[in-house]
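Engineer:
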Amino acid sequence: LVVIAGFEGSQPERLETAPEFDTLVDMQWTADGSHLLLVTSAYTFDAPERPDNVLWSYAPLSPIWKRVEDAPDGVQRAIETTSGVLVTMAGESMLYGGHEFPRMGASHLVLGPDGETIAVPGPTDLRLITPDGEISAIAQGNIGVAEFMPDGSGLIYTKVLTDGTGVRFTYVSLDGQTTADLGTRYWGWFAMAPDGS
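In the numbering used here, the protein residues as written are 1 to 197.
#1: What ranges does the alpha helix (DSSP H) occupy inside the stretch 94–143, keeping only unbroken runs of at least 4 residues that lie completely in it?
#2: Rounded to a whole number of angstroms, what is the C-alpha to C-alpha distance between ASP70 and THR130?
#3: Less than 8 Å between the CB atoms is what I'm expecting for LEU174 and GLY154, so what's the real figure, rounded?
#4: Go through the stretch 29–98 residue by residue and report every complete run of the beta strand (DSSP E) that reaches 3 residues or more, in order.
#5: Apart from the five residues on each side of it in sequence, which residues of its chain come closer than 7 Å, Cβ to Cβ, to HIS99?
#6: Of the residues ASP163, THR162, VAL167, which one's Cα is nearest the Cα of ALA146?
#7: Assuming VAL39 and VAL25 make a contact with CB atoms under 8 Å, what is their CB distance in whole Å?
#8: Determine the closest residue to ASP73 out of GLN177, MET94, ILE143, with distance taken between C-alpha atoms.
#9: Just to confirm, is the Cβ distance from GLU16 to GLY6 under 8 Å?
#10: Using only alpha-carbon positions, find the residue among PHE101, ALA90, GLY164, THR117 that is nearest to VAL83.
#11: Go ahead and label LEU61 buried or exposed: buried means 16 or more other beta carbons lie within 10 angstroms of its beta carbon, across all protein chains shown.
#12: Which word fits GLU8, buried or exposed, when buried means at least 16 other C-beta atoms lie within 10 angstroms of its C-beta?
#13: By the three-class DSSP mapping on this structure, what secondary structure does PHE148 have?
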């Protein structure tokens, strides 16, 4: 277990380029596992929507820390596709390469097994960003958590029920045409089995 970054004074043997920060807002590996992307911030108790958030890239084999200079101001979430496209959430927008989409309250980004397709769960729908930079909704409702099937054929997502009795688990194909009700539970977190069962 090795400390690679952290708050001031917590890393006496750290790399000179390693960031010092009080709050870790987001952390995701790139699709190929070569870099770790971190969004850092000064101390914040509430939702980490600060203009001084910083995006860092860490290559553990080097090991080299680098600040991502082309990240938008106030970046909150970041992932990178296999082809190297940086996808971010900042303020009310999502940026995918040269495309900008309204965030619509979405909380996170989920990278598909192909390393290019991205799911965007949010309070009004579940959207997909395809490798060509197009975005479309494939399910409606207050979507809490979404995960791709291991083979990339579809997603499992949780939808908060309007009567407050829990969440509904549903399968949806990538084109949104095929769905399957998987039942209702009180709690909505889950993990996908590696074989998709």
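The beta carbon of each residue, even a glycine, is placed where N, CA and C say it ideally should be.
Structural biologist: Let me lay it out:
#1: none
#2: 22 Å
#3: 6 Å
#4: 36–41, 54–59, 64–67, 75–80, 86–90, 93–96
#5: GLY133
#6: VAL167
#7: 4 Å
#8: MET94
#9: no
#10: Here residue 83 turns out to be Ser, not Val, going by the sequence shown. Closest option to SER83, Cα to Cα, is THR117.
#11: exposed
#12: exposed
#13: strand
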